[in-house]
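Visitor: Pasting in a structure now, in structure tokens, and then I'll have a few things to ask.
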Amino acid sequence: MVFAHGFGCDQNMWRYVAPAFEDEFQTVLFDHVGAGGSDLEAYDPVRYASLDGYADDVVELCRALGVRGGVFVGHSVSAMIGILAAKQAPELFSELVLVGPSPRYIDDGDYVGGFSEAQIHELLDFLDSNHMGWSQAMAPVIMGNADRPELGEELTNSFCRTDPEIAKAFARVTFLSDNRADLAGVSARVLVLQCSEDVIAPRSVGEFVHRSLPRSELVLMAATGHCPNLSAPEETIAAIQSFVRA
Amino acid sequence: MGADDVDDLFEHAPCGYVSAQADCRILRVNSTLAKWLGSAPHELVGRRFPDLLNIAGKIFYETHFAPLLRMQGSFDEVALEMVRSDGTMLPVLVNAVERRDEAGQVRFTRITVFNATDRRRYEQELLHARRSAEQASAELRELNATLEARVAEAVEERMRAEEALRQSQKMEAIGQLTGGVAHDFNNLLTVILGGLDTMIRQMPSLPRSAQTERIERSARMALHAGERAATLTARLLAFARRQPLDPKPLDAGRLITNLADLLQRTLGETISLETVSGGGLWRTQADANELENALVNLAVNAKDAMPAGGRLTIETSNAYLDESYVAQVPEPVPPGQYVLIAVSDTGTGMAPETLAHVFEPFFTTKEVGKGTGLGLSQVYGFVRQSGGHLRIYSEVDEGTTVKIYLPRLMAEVAPPESERARPQPLTHGGLETILVVEDHDDLRAFSTGILRELGYRVLEAANGRSALEVLQAAHDVDLLFTDVVLPEGMDGRRLADEAKRRRPAIKVLFTTGYTRNAIVHNGRLDPGVNLISKPFSFEGLAAKVREVLDAGSEVSVSP
Numbered sequence: 295m296v297f298a299h300g301f302g303c304d305q306n307m308w309r310y311v312a313p314a315f316e317d318e319f320q321t322v323l324f325d326h327v328g329a330g331g332s333d334l335e336a337y338d339p340v341r342y343a344s345l346d347g348y349a350d351d352v353v354e355l356c357r358a359l360g361v362r363g364g365v366f367v368g369h370s371v372s373a374m375i376g377i378l379a380a381k382q383a384p385e386l387f388s389e390l391v392l393v394g395p396s397p398r399y400i401d402d403g404d405y406v407g408g409f410s411e412a413q414i415h416e417l418l419d420f421l422d423s424n425h426m427g428w429s430q431a432m433a434p435v436i437m438g439n440a441d442r443p444e445l446g447e448e449l450t451n452s453f454c455r456t457d458p459e460i461a462k463a464f465a466r467v468t469f470l471s472d473n474r475a476d477l478a479g480v481s482a483r484v485l486v487l488q489c490s491e492d493v494i495a496p497r498s499v500g501e502f503v504h505r506s507l508p509r510s511e512l513v514l515m516a517a518t519g520h521c522p523n524l525s526a527p528e529e530t531i532a533a534i535q536s537f538v539r540a
Numbered sequence: 197m198g199a200d201d202v203d204d205l206f207e208h209a210p211c212g213y214v215s216a217q218a219d220c221r222i223l224r225v226n227s228t229l230a231k232w233l234g235s236a237p238h239e240l241v242g243r244r245f246p247d248l249l250n251i252a253g254k255i256f257y258e259t260h261f262a263p264l265l266r267m268q269g270s271f272d273e274v275a276l277e278m279v280r281s282d283g284t285m286l287p288v289l290v291n292a293v294e295r296r297d298e299a300g301q302v303r304f305t306r307i308t309v310f311n312a313t314d315r316r317r318y319e320q321e322l323l324h325a326r327r328s329a330e331q332a333s334a335e336l337r338e339l340n341a342t343l344e345a346r347v348a349e350a351v352e353e354r355m356r357a358e359e360a361l362r363q364s365q366k367m368e369a370i371g372q373l374t375g376g377v378a379h380d381f382n383n384l385l386t387v388i389l390g391g392l393d394t395m396i397r398q399m400p401s402l403p404r405s406a407q408t409e410r411i412e413r414s415a416r417m418a419l420h421a422g423e424r425a426a427t428l429t430a431r432l433l434a435f436a437r438r439q440p441l442d443p444k445p446l447d448a449g450r451l452i453t454n455l456a457d458l459l460q461r462t463l464g465e466t467i468s469l470e471t472v473s474g475g476g477l478w479r480t481q482a483d484a485n486e487l488e489n490a491l492v493n494l495a496v497n498a499k500d501a502m503p504a505g506g507r508l509t510i511e512t513s514n515a516y517l518d519e520s521y522v523a524q525v526p527e528p529v530p531p532g533q534y535v536l537i538a539v540s541d542t543g544t545g546m547a548p549e550t551l552a553h554v555f556e557p558f559f560t561t562k563e564v565g566k567g568t569g570l571g572l573s574q575v576y577g578f579v580r581q582s583g584g585h586l587r588i589y590s591e592v593d594e595g596t597t598v599k600i601y602l603p604r605l606m607a608e609v610a611p612p613e614s615e616r617a618r619p620q621p622l623t624h625g626g627l628e629t630i631l632v633v634e635d636h637d638d639l640r641a642f643s644t645g646i647l648r649e650l651g652y653r654v655l656e657a658a659n660g661r662s663a664l665e666v667l668q669a670a671h672d673v674d675l676l677f678t679d680v681v682l683p684e685g686m687d688g689r690r691l692a693d694e695a696k697r698r699r700p701a702i703k704v705l706f707t708t709g710y711t712r713n714a715i716v717h718n719g720r721l722d723p724g725v726n727l728i729s730k731p732f733s734f735e736g737l738a739a740k741v742r743e744v745l746d747a748g749s750e751v752s753v754s755p
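Those protein sequence lines, which keep their order, are chains V and Z.
Letter by letter, the first sequence follows residues 295 to 540 of my numbering.
Letter by letter, the second sequence follows residues 197 to 755 of my numbering.
Rendered as structure tokens:
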């Protein structure tokens, strides 16, 4: 069972969920390049200018570990990274668990992604125009702060470490992606976990994903927000367990 | 503290307070924050805290700060922007902490909001200041970098100038040395050649035998070798710029046309000769014989550079050397108009290291015995002595171009080239009285021997003072034959002037190994001065003496 974290934070996102599967499965946790404890030197802006670069990493990683017919659990943008990896190497996963997936964040005609194009551009403009100030404001939280050791000490092992420049690039790739057309080609069984009141991936998006996939189950969770793996680990664990045991 | 007090403290604290459920839905908000946002507190209750943020804040709250809060129980000083009811932004710093019950379930989240308007402005100003400082620093770095480059350039230029100065000093030193040695050689050669000459002339009067024939053959061989030695010495003097030149107005184009046959013979059949003469070529003033020598020397070099054949091109044109050009050549060259003679071959060319030495006498790239190493030295010396400039351009495997710049002749002073047509007088002696002044005993003996043999009455003196004494005693001296360089304070020129003052009818013939003195200005003969260069032969001296004695009226020597 391979756990992939989404935009923001790192494999710590799974700290309350992954241990529950250690008896039944061999669990694999990793940080995407540019996040958490990954080698920031390995970040190549060209390779990671689309989600395919991240999907290639997943395929490479799973092949190196000899994963076959496994379970891929992807949160947020990693749900789509898992879709791309499964299409590229169908033998890797027989089941996919997508937590808060979104194939496209921007509204498009009848499709309701949750954000208008103007909002996403506001986000990206904000990151660009204000990025120095933003980076520095974010830095104490995201990076730890060398100037404030009493804060930095606590945050040295921060759960959300990332390089502000990479976080900005990752935001661009994530929020401009459109993987709606990739859903139909997935042969694995898929579980879609949809939170209530998720502003990042609203219910309409979860339903779209469910409809577009050939073999999909949709579970509407009581949990709110975008991170049920943190806010409602028990509910998340139960949903995954019933899916993989079915 | 009463309940009212606590309530007042909560509502009107200098920061915003929010109590929220685990899902961020707002339970209670104080008046301070509500006022900042332009809303009533009750309007905010029931909304989710991230919904009060701008879009970036909302997304980052959901993806970064909410997980962080859940994992570490709190977060501090997150810089966010809240949206006021009128749509404007309120920069804030947000702290949050979770309160959990005994079972570990989140009871509520307490959020503290600080107005960071001023602080954000300071931060922006600091960022601006930092960017300006970085930019200024970058500019300064660049300035420093170019300063270093400028200094390096100046130093390099200085070093080039020093190197050029060293080179010209070296050339000058070599010239002094070469000139001195060549002068001494000339005196010796005059005696050697004279002796051989006399031997050969006396031979016919001896009875013929195998021995006399062998002696005569040996003497002729020695004479031939001596003459070659004299030619080499002349080249050395040319390099040292101490050869007496006889500059006359000339047309370089015509000179080259007349020389073409000889050059083609020098080059051989495998090398074609092309001469290109620009129209309206200015005239220059130079020693025609030496210019011809120079061109032959260059042709010989070109031939050696083109063993497999090729093409030699001699072009003439008018040229202007401007201030910037003459500033970068090592030797002093006045800017102005020049006649350019460019000699180009399609030969092997020379590497820069070789090029640096080509003017030095005895420097040769040819095999031992193949070259004297004096060819280019002669060209260089001649050109410099003629007030010109020489430049060599060479690329390995491409070829070499030698450019000779001779100053343009601005005003004609003497009838051009007519003198060369003057018929040589016949070799015969006379009965006139000649005073020979020469400090070198052997040379004086040689000269007086020839002149006596020719029938002249000969008087002699070893220096200027003795010569004047002889003149004082003898009233019938027709010709003063004097070395230019004399010891003890009176040189040949001053002696001649004094002699003419006392005996206005007296004729004067100078001789010299080299001249850098009163008679020859910058290596050029004053017009009308009679001079015979050492080493001279019996025939040469006989002819010259007769010529001077027979000349109608002596042109006075003027300073």
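For every residue, glycine included, the Cβ atom is placed at its ideal position computed from N, Cα and C.
Let me check understanding here. Comparing Cα to Cα, which of A484(Z), D637(Z) and A739(Z) lies closest to G449(Z)?
Guide: Nearest option by C-alpha distance: A484(Z).
Visitor: How would you label R266(Z), buried or exposed, when you count the other beta carbons within 10 angstroms and need 16 or more for buried?
Guide: buried
Visitor: Reducing DSSP to helix, strand and coil, say where C356(V) ends up.
Guide: Here C356(V) sits in helix by DSSP.
Visitor: Can you tell me whether P603(Z) is helix, strand or coil according to DSSP?
Guide: In the three-state scheme derived from DSSP, where H, G and I count as helix and E and B as strand, P603(Z) is classed as strand.
Visitor: Under three-state DSSP, which class holds K730(Z)?
Guide: coil
Visitor: If you check the beta carbons only, do R604(Z) and T629(Z) fall under 7 Å apart?
Guide: no
Visitor: Let me know the secondary structure DSSP gives C211(Z) once reduced to three states.
Guide: coil
Visitor: Within a Cβ cutoff of 8 Å, which residues of the same chain sit near E247(Z), ignoring the five residues on either side of it in sequence?
Guide: Residue identity check: residue 247(Z) is Asp in the sequence provided, not Glu. Contacts found: K254.
Visitor: With distances taken from CA atoms, which of A533(V), A532(V), C521(V) and F537(V) is nearest N306(V)?
Guide: C521(V)
Visitor: Report yes if the C-beta distance between L458(Z) and L469(Z) is below 7 Å; otherwise report no.
Guide: Taking 7 Å as the Cβ cut-off, L458(Z) and L469(Z) do not qualify as a contacting pair.
Visitor: In its own chain, which residues sit with a C-beta less than 7 Å from the C-beta of E694(Z), not counting the 5 before and 5 after it?
Guide: L664
Visitor: Examine chain V for any beta-carbon lying closer than 7 Å to the beta-carbon of K231(Z), and answer yes or no.
Guide: no
Visitor: By alpha-carbon positions, which one of G269(Z), W232(Z) and V302(Z) ends up nearest to T284(Z)?
Guide: W232(Z)
Visitor: Using the C-alpha atoms, what's the distance from V535(Z) back to N497(Z)?
Guide: 22 Å
Visitor: Report the three-state DSSP secondary structure of F464(V) (helix, strand or coil).
Guide: helix
Visitor: Answer yes or no: does any C-beta atom of chain Z fall closer than 7 Å to that of G302(V)?
Guide: yes
Visitor: On a CA-only basis, which of T480(Z), M355(Z), I537(Z) and V225(Z) is nearest Q524(Z)? Give me that one, please.
Guide: Among T480(Z), M355(Z), I537(Z) and V225(Z), the Cα nearest to that of Q524(Z) belongs to M355(Z).
Visitor: Is D219(Z) close to chain V, meaning its C-beta is less than 7 Å from at least one C-beta of that chain?
Guide: yes
Visitor: Do you know offhand how far F297(V)'s Cα is from T321(V)'s?
Guide: Pairing F297(V) with T321(V), the inter-Cα distance amounts to about 7 Å.
Visitor: Is any non-hydrogen atom of the ligand GTP found closer than 6 Å to the C-beta of I630(Z), if you look at the structure I gave you?
Guide: Looking at this structure, you won't find the ligand GTP or any other ligand, since it has none at all.
Visitor: Does the beta-carbon distance from S643(Z) to V633(Z) come in below 7 Å?
Guide: no
Visitor: Quick check: the Cα distance between A495(V) and G408(V), rounded to an integer number of angstroms?
Guide: 7 Å
Visitor: In angstroms with no decimal places, state the Cα-to-Cα distance between A465(V) and Q331(Z).
Guide: 29 Å
Visitor: Just to make sure I have the definition right: I need the residues of chain Z whose C-beta is within less than 9 Å of the C-beta of M307(V). Which are they?
Guide: P263 and M267
Visitor: Scan the stretch 490-504 of chain V for residues whose Cβ lies nearer than 9 Å to a Cβ of chain Z and list them as they occur along the chain.
Guide: S490, E491, D492, V493 and I494
Visitor: Quick one: what does DSSP say L205(Z) is sitting in, helix, strand or coil?
Guide: It is helical.
Visitor: Compute the Euclidean distance between the alpha carbons of V293(Z) and A216(Z), then round it to the nearest angstrom.
Guide: 10 Å
Visitor: Quick one: is L487(V) near chain Z, going by C-beta distance under 7 Å?
Guide: no
Visitor: Name, please, each residue of chain V whose Cβ falls closer than 7 Å to the Cβ of A252(Z).
Guide: Residues of chain V whose Cβ lies closer than 7 Å to the Cβ of A252(Z) are, in chain order, L417, F420 and L421.
Visitor: Beta-carbon within less than 6 Å of A336(V)'s beta-carbon, same chain only, minus the 5 sequence neighbours each way: which residues are those?
Guide: Same-chain partners within the cutoff: V327.
Visitor: If we ignore side chains and look at the alpha-carbon of each, how far apart do E486(Z) and L451(Z) end up?
Guide: 12 Å
Visitor: Would T518(V) count as contacting chain Z if we go by Cβ distances under 7 Å?
Guide: yes
Visitor: Which residues bound the beta strand (DSSP E) around E656(Z)?
Guide: R653 to A657
Visitor: I'd like to know if T284(Z) contacts chain V, where contact means its C-beta is closer than 7 Å to some C-beta of that chain.
Guide: So no, T284(Z) is outside the interface.
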